[in-house]
Amino acid sequence: MSTNEISTPSNFIKKIIDEDIAKSTFGGRVHTRFPPEPNGYLHIGHAKSICLNFGLAQGYGGLCNLRFDDTNPTTEEAEYVKAMKEDIRWLGFDWQDREFYTSDYFDQLYEFAMQLIKEGKAYVDSLSPEEIKEHRGPWNEPGKGSPYRNRSVEENLQLFERMRAGEFKDGTQTLRAKIDMTSSNMNLRDPILYRIIHAKHYRTGNRWCIYPTYDFAHGQSDSIEGITHSICTLEFEDHRPLYDWFLDALKIHHSKQIEFARFNLNYTVMSKRKLIELVEGGHVSGWNDPRMPTLTGMRRRGYTPEAIRNLCEKTGVSKVNSVIDAAMLEDCVREDLNKRAPRVLAVLNPLRVVIENYPESEVEYIDAINNPEDPSAGTRKVPFSRVLYIERDDFMEDPPPKFYRLAPGREVRLRYAYFIKCVGVTKDKKTGEIVELRCTYDPETRGGQAPDGRKVNATIHWVSADHAVEAEVRLYDRLFLKEDPTDVPEGVDWKANINPNSLVTLNSCQVEPSLAGAEPGSRYQFERLGYFCVDSVDSSPGKLVFNRTVSLRDQWAKVLKAEKWRTA
RNA sequence: UGGGGUGUGGUGCAAUGGUAGCACACCGGCCUUUGGAGCCGAGAAUGGAGGUUCGAAUCCUCCCGCCCCAGCCA
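The opening position of the first sequence corresponds to residue 1 in UniProt numbering, with each subsequent residue numbered one higher.
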């Protein structure tokens, strides 16, 4: 698999692995793991870790385990396990039969704890949480040892057994490692190994009332599974000495912890607390709202796993805190969809057009290319008739110089069909709103070419009024107006940065008839507009609902924006 | 304040003593039956100050900035 390796960019983790392979540190093995805590939904930040861990294993011909790190019964649920598995599979990764749970190791971890007690390396502390905090001290002063620090092995064994038996209340006793209360690394000031939590665990039920902490569980779980490279995020850097301490003290397989920088994206939030706030505050429709950075939301939005994987690959791996530009994500999505999304004609804001010189009852079927990037996608027939809909934005009564679409007296091409010329504008007498355009077509231009060689400046999309299918279209945009949504003045809620136009729903869009039976989740390019997918929740054969995944790049929008600046 | 980590164009990542490169973004042009796609081009960076060296993003010294750690969360 090292051929795969050469094609993808190098990074510091690969260098470490290369060295380990060269020195045969782990017998040349590469075995990673993705260890989520099942207490929420996976988001794009997790995707980075998933791609890294599974990708590394793939690239080196190794293995990657899926391990649910479920040591805290108060926050974890089976529902999350299910959702996470679905998301990881959707992303394109397979853990085969290697689906593990830290809770499966509770017995073994308990044995490890006993071993440490017997060796005088752990003790039961009867200090209260407040007292423990106080003894630990601030980071510029050494901490003080607990008065219970030197209990005998016998007493500790007995107490620990009583902890497990449920004889104590939550928070009254802990098992701590005896390391160094004066360490400048707070993690080594006698870290807690076990705490008492009388709560039902979603997998082990009421079998346990003491639960290992992350520090005591993670490294040992890696060890049990024979993990070679345990990749985690930067904030665990200070925990590495502890990670190493446990494995050394227990004299068991020692995997290597490597830390990398978390993946951050601008114009969104990633912290669980904030995501919950968005959901519970009704600012989005749920965890799978297409504007959410969750994998379930992105899937519903129409993003492809390939695009997300490509983004993770392209953004590299380092130890510097960084923020990826949402434009990068959008570029990856467009790059992928451009190659594979079939093109269709859809009118979002319909403006009725009557072709005055086109026969009343005639219908012809015009060939349209399904995907110019992929000739094998073939062609389809699109009905054309006397009354059409075009995009309201494609007509201006009094166009500025750089607008080269339809205007009174002007000729444009209807995609794949004819040249039409605007010969009249019908307005609502009261409101003055344009309700209809009167046009003529040139029969000689069928297919879009004029025999006399005359050119038009624009090609616009259209649908036949009688044949079009009505649809709802949800135009999604970035959820926040600011790159950093949490950047608010003192006292202002970060949610004030929510983009009020992040969702615009259009109800009477007209799409070409071939879309009538479109499958939920299927993706299309609406020509000249963007990429859209059939909503997997609300769309039905009787009522099509499309989500805008991402718009097409839009030069005209840039011109408008530039004009706005100039006139502002 | 103690400890750990980290600084390369606007953003993200390369370059481990030898011409600072790639992608995204931005700007200009070409092409175009999608103002899409594609193609071409421009601008733009080594946190700072010293030092070692023929030569420093890279090695040394000092300084500065940013991030993480005082949960019985992970």
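Idealized CB from N, CA, C, for every residue including glycine.
Query, Result
"Three-state secondary structure (DSSP) of Lys558", "helix"
"Rounded separation between Gln555 and Met328 - CA only", "18 Å"
"For Ala122, the three-state DSSP class (helix, strand or coil)", "strand"
"C-alpha gap between Ala417 and Arg446, whole angstroms", "5 Å"
"CA-to-CA distance, Arg189 to His43, given in whole angstroms", "34 Å"
"Assigned exposure category for Lys48 - 16 Cβ within 10 Å defines buried", "buried"
"The stretch 536-546 touching the stretch 374-381, judged by at least three CB pairs closer than 8 Å", "no"
"Neighbour-count burial assignment, Lys558, 16 or more Cβ in a 10 Å radius", "exposed"
"Close beta carbons around Met186, own chain, < 8 Å, minus the five adjacent residues each side", "Arg136, Trp139, Asp238"
"Supposed contact pair Val353 and Tyr404 - C-beta distance, whole angstroms, cut 8 Å", "Rounded, the Cβ-Cβ distance is 18 Å, inconsistent with contact."
"CB of Gln510 within 9 Å of CB of Pro350, strictly", "yes"
"Best match in Asn288, Phe419, Tyr243 for proximity to Gly453 [C-alpha to C-alpha]", "Phe419"
"Distance between Leu503 and Ser551 (C-alpha atoms, nearest Å)", "13 Å"
"Proximity below 9 Å, CB of Leu529 to CB of Val317", "no"
"Nearest-angstrom beta carbon gap, Cys64 and Trp95 [assumed within contact, 8 Å]", "7 Å"
"Three-state class that DSSP yields for Gly424 in the structure shown", "strand"
"Residue of Thr233, Tyr267, Gln158, Tyr101 minimising C-alpha distance to His46", "Thr233"
"Straight-line Cα distance separating Ser221 from Ile132", "27 Å"
"Ile132, DSSP secondary structure in three states", "helix"
"Cβ neighbour criterion (16 or more within 10 Å) applied to Asp493", "exposed"
"Proximity below 9 Å, CB of Val435 to CB of Glu397", "no"
"Identified DSSP bridge partners for Thr294", "His43"
"For Lys381, the three-state DSSP class (helix, strand or coil)", "strand"
"When Asn371, Arg29, Thr459, Val320 are compared against Pro342, the one with the closest alpha-carbon", "Asn371"
"Terminal residues of the alpha helix (DSSP H) in which Asp487 lies", "Run containing Asp487: none; DSSP gives neither H nor E here."
"Those runs of the alpha helix (DSSP H) which lie wholly inside the stretch 93-123 and span at least 4 residues", "106-118"
"Residue 606 to Gln158 span [Cα, whole Å]", "Outside the shown range of the chain, which is 1 to 568, sits residue 606, and nothing can be said about it."
"Through-space distance from Ser322 to Leu265, alpha-carbon basis", "9 Å"
"Beta-bridge pairing of Glu472 - partner residues as DSSP gives them", "Val545"
"At least 3 beta-carbon pairs within less than 8 Å: the stretch 61-79 vs the stretch 28-44", "yes"
"Phe54 - DSSP class collapsed to helix/strand/coil", "helix"
"Cβ contact (3+ pairs, closer than 8 Å) linking the stretch 190-198 and the stretch 158-170", "yes"
"Collapsed DSSP secondary structure at Leu348 in the structure displayed", "coil"
"Pairwise C-alpha distance: Lys272 and Glu362", "58 Å"
"Residue nearest to Asn39 in terms of C-alpha spacing, selected from Ile308, Thr71, Ser24, Ser10", "Thr71"
"Pairwise C-alpha distance: Leu275 and Asp87", "17 Å"
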